[in-house]
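Numbering (our numbering), first residue to last: 40 to 729. Cβ atoms here follow ideal geometry from the backbone N, Cα and C, with glycine treated the same way. This report concerns only the one structure given below.
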Ligand code: DGJ
């Protein structure tokens with residue numbers, strides 16, 4: 040039996056021989072419609088020789104121990120008292136639909152049913168796959184992989200992601216070799232350190248060309264990834280919840296969705312598929328015009344005064360802000376980060392008349408109002424903890440994180456309490472936005488905790504459908520498509536350092552569109568790096584994504600004020616097309632230049648952001664090649680911030696005095712030569728198809 044799925048950009052073929060578990064026998068560039076799938080299945084068989092089993096055990100969608108599979112298996116399960124089960128699945132059913140496939144396998148001896156589901160989205164080119172295990176009697180699940188994919192042979196390396204606070208989305212390149220590359224996230228949340236993504240480029244692929252496979256596991260509770268080359272040379276990719284995340288026995292278990300895609304257009308083909316999928320399929324309020332944010336955190340921290348905040352709001356509105364977000368410090372007795380998480384009542388010392396005076400003032404400035412919560416956390420120094428110490432997740436002896444503990448969201452009492460607290464505030468005031476924070480790792484891996492958080496978010500969203508929610512976790516500690524199904528924006532990083540942001544944003548674009556990626560202009564001297572950047576660089580880096588401000592606007596010089604106003608005006612004029620544009624990472628001939636091209640969906644216009652991250656090795660800038668333009672069309676190219684050119688840029692390049700007209704072919708095959716610039720600066724080019 041064989042099944043195939045096609046979307047014009049890729050073909051996926053699965054085959055099941057003699058009732059055994061299905062395996063991916065082909066995934067990649069589209070195959071001809073007339074392909075003989077029987078023949079394909081036979082051709083996919085590998086030879087055997089000395090030192091091998093007499094037949095190659097299937098690298099199936101759930102490789103089985105029972106077949107003596109010589110690598111990591113797709114399921115590890117035991118009966119209720121802990122005796123390991125060795126399932127042996129046979130085909131039971133297949134349900135096919137347009138770009139949909141459900142495969143069901145049964146193990147009668149152990150009373151187990153395995154189900155795999157595949158959905159290929161023909162518009163976004165993202166393949167969604169998940170697996171479930173049903174058992175007649177309770178079993179203990181240690182590991183269940185989402186449907187397992189093969190990885191290409193003509194690939195020399197894989198790229199996964201690491202990071203830390205203020206340095207998210209670092210790309211880690213690991214050569215393929217015998218054995219496994221294992222990422223096991225034991226922190227209980229997605230984490231800065233463990234973004235659940237994998238990219239497998241085929242040899243020679245770059246941002247703009249070549250064959251690339253990419254994966255993302257949409258789960259916020261910590262994932263496990265296995266990329267393995269088994270002794271016969273075959274390669275597999277497994278993703279699932281972290282090992283042992285199911286703490287109780289049960290009769291049904293499900294993986295989260297594994298999102299994947301194949302591209303013939305380099306890493307960008309995968310990035311565009313994921314960006315479009317997030318915009319079109321994952322987030323629930325996709326068509327909102329993103330308002331410019333003002334967030335008060337780095338202006339006031341815990342030092343709240345209504346008069347000061349009103350003054351700040353007035354200045355923020357004058358810069359162009361459209362939404363004012365009141366951050367940490369408005370509730371309980373929260374004068375620093377040692378107390379009050381869990382006490383979600385307005386601090387009457389700071390807000391004697393509640394939030395109304397501030398909200399009215401914010402509204403009078405033409406801005407909407409948003410507010411910060413960190414619902415899943417509790418400080419030992421809080422009334423909530425004193426009343427309910429039994430609500431805490433994990434061991435009593437655990438080490439605290441930011442002086443706080445985690446609430447056990449698997450408990451319905453905890454969820455009800457939090458729902459009532461948040462609903463109380465959201466009902467009492469005109470609030471359209473919640474910044475939902477999560478500032479420590481969990482004391483243990485527990486899938487019920489993640490499910491509890493999802494349930495609370497879902498209940499709140501149902502009760503307050505107009506309230507937008509942002510996912511923050513000390514910056515980018517909880518970014519994944521599981522949380523994005525329930526939120527509309529991520530706080531990508533606590534780093535407002537424009538240089539660090541430039542890099543983080545560039546890599547995050549492999550999975551995230553601009554519309555969900557928050558980016559703020561921070562203070563002149565960055566609070567998390569100590570680095571000082573001029574306002575032009577800071578403003579343009581923020582303008583690459585969902586723009587906002589996060590400094591005390593009263594500290595801006597007149598020049599900084601007017602630059603920020605101008606860039607914000609530019610952003611507002613362009614946001615409608617930019618929020619649905621594709622972010623394309625450019626192959627830069629100069630390692631010092633990190634550049635991207637945001638191409639409108641109708642391809643008639645684009646903007647290029649070329650960030651200079653360090654001093655170049657050579658003196659003159661190397662031409663920057665653009666991508667995915669119409670080869671024969673002419674484009675009007677304008678360096679819109681040419682006024683920023685330094686006097687040390689002495690040449691008389693035409694682009695410094697006005698627009699130039701060039702063909703798509705020239706721009707893609709030669710590139711555009713930009714003026715010389717200092718590091719920590721950005722050139723912004725607008726392109727219009729003529
Ligand atoms: C961490 C967040 O990332 C910051 O933006 C801010 O909201 C603080 N928490 C508040 O405690």
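For residue i, count the other beta carbons within 10 Å of its own beta carbon; 16 or more makes it buried, fewer makes it exposed. Which is it?
i           : result
residue 765 : With the chain running from 40 to 729 in the structure shown, residue 765 is simply not present.
residue 485 : buried
residue 685 : exposed
residue 575 : buried
residue 169 : buried
residue 542 : buried
residue 526 : buried
residue 495 : buried
residue 87  : exposed
residue 298 : buried
residue 589 : buried
residue 730 : The requested residue 730 does not occur in the structure, where the chain is confined to residues 40 to 729.
residue 229 : buried
residue 629 : buried
residue 523 : buried
residue 409 : buried
residue 466 : exposed
residue 652 : buried
residue 214 : exposed
residue 658 : exposed
residue 78  : exposed
residue 247 : buried
Comparing C-alpha positions only, which one of the options sits nearest to residue i?
i           : options            : result
residue 302 : 642, 109, 163      : 163
residue 442 : 361, 427, 418      : 418
residue 124 : 134, 146, 541      : 146
residue 422 : 624, 452, 372      : 372
residue 361 : 703, 701, 352, 174 : 352
residue 471 : 356, 426, 165, 363 : 363
residue 26  : 725, 714, 670      : Shown here, the chain extends from 40 to 729; a query on residue 26 therefore has no answer.
residue 550 : 588, 96, 355, 307  : 307
residue 119 : 288, 53, 258       : 288
residue 412 : 379, 225, 612, 667 : 379
residue 200 : 720, 718, 515      : 515
residue 344 : 444, 40, 387, 158  : 387
residue 632 : 639, 650, 621      : 650
residue 473 : 529, 435, 451      : 529
residue 711 : 729, 721, 678      : 678
residue 83  : 533, 61, 376       : 61
residue 211 : 224, 193, 234, 218 : 234
residue 482 : 594, 261, 402, 614 : 261
residue 599 : 358, 381, 726      : 358
residue 305 : 347, 583, 91, 626  : 626
residue 561 : 468, 480, 339, 666 : 339
residue 116 : 316, 53, 184, 155  : 184
(request) Please determine if the stretch 185-193 and the stretch 63-70 are in contact, where contact requires at least 3 C-beta pairs separated by less than 8 Å. (result) yes
(message) Whether or not the stretch 658-665 and the stretch 546-566 are in contact is what I'm after, with contact meaning three or more pairs of Cβ atoms, one per stretch, closer than 8 Å; do they touch?
(response) no
(message) Check whether the stretch 499-508 and the stretch 532-552 touch, using three or more Cβ-Cβ pairs below 8 Å as the test.
(response) no
(request) Indicate whether the contact test is met: 3 or more Cβ pairs, each with one atom in the stretch 323-341 and one in the stretch 263-275, closer than 8 Å. (result) no
(request) Answer yes if the stretch 206-214 comes into contact with the stretch 309-324, meaning at least three C-beta pairs across the two stretches below 8 Å, and no otherwise. (result) no
(message) Pairs of beta-carbons, one from the stretch 250-267 and one from the stretch 143-159, closer than 8 Å: are there three or more?
(response) no
(request) Give, in chain order, every unbroken run of the beta strand (DSSP E) that is at least 3 residues long and sits entirely within the stretch 213-253. (result) 218-223, 236-240
(request) Flag this pair as touching only if the stretch 686-695 and the stretch 506-520 have three or more C-beta atom pairs under 8 Å; answer yes or no. (result) no
(request) Specify whether the stretch 560-578 and the stretch 238-254 touch according to this definition: at least 3 beta carbon pairs, one from each stretch, less than 8 Å apart. (result) no
(request) Entirely within the stretch 469-525 and at least 3 residues each: give me those beta strand (DSSP E) ranges in chain order. (result) 472-475, 507-510
(request) Determine, using beta-carbon pairs with one atom in the stretch 486-493 and one in the stretch 459-471, whether at least three such pairs fall under 8 Å. (result) no
(message) So within the stretch 253-297, which uninterrupted beta strand (DSSP E) runs reach at least 3 residues, ignoring any that extend past its ends?
(response) 262-268, 274-280, 289-293
(request) Go through the stretch 531-586 residue by residue and report every complete run of the beta strand (DSSP E) that reaches 3 residues or more, in order. (result) 556-560
(message) If contact is defined by three or more beta carbon pairs under 8 Å, each pair taking one atom from either stretch, is the stretch 216-233 in contact with the stretch 122-142?
(response) no
(message) Ignoring anything shorter than 4 residues, give me the alpha helix (DSSP H) runs that lie fully in the stretch 377-460, in order along the chain.
(response) 395-403, 422-426
(request) Could you name each continuous alpha helix (DSSP H) segment of 4 residues or more that falls completely within the stretch 41-110, going from the start of the chain to the end? (result) 76-82
(request) At 3 residues or longer, and completely inside the stretch 181-216: list those beta strand (DSSP E) runs for me, N to C. (result) 196-203, 206-214
(request) List in chain order: all unbroken alpha helix (DSSP H) runs of 4+ residues lying wholly within the stretch 298-378. (result) 305-316, 336-339, 345-358
(request) Just list the alpha helix (DSSP H) runs in the stretch 674-712, keeping only unbroken ones of 4 residues or longer that don't cross its boundaries, in chain order. (result) 703-708
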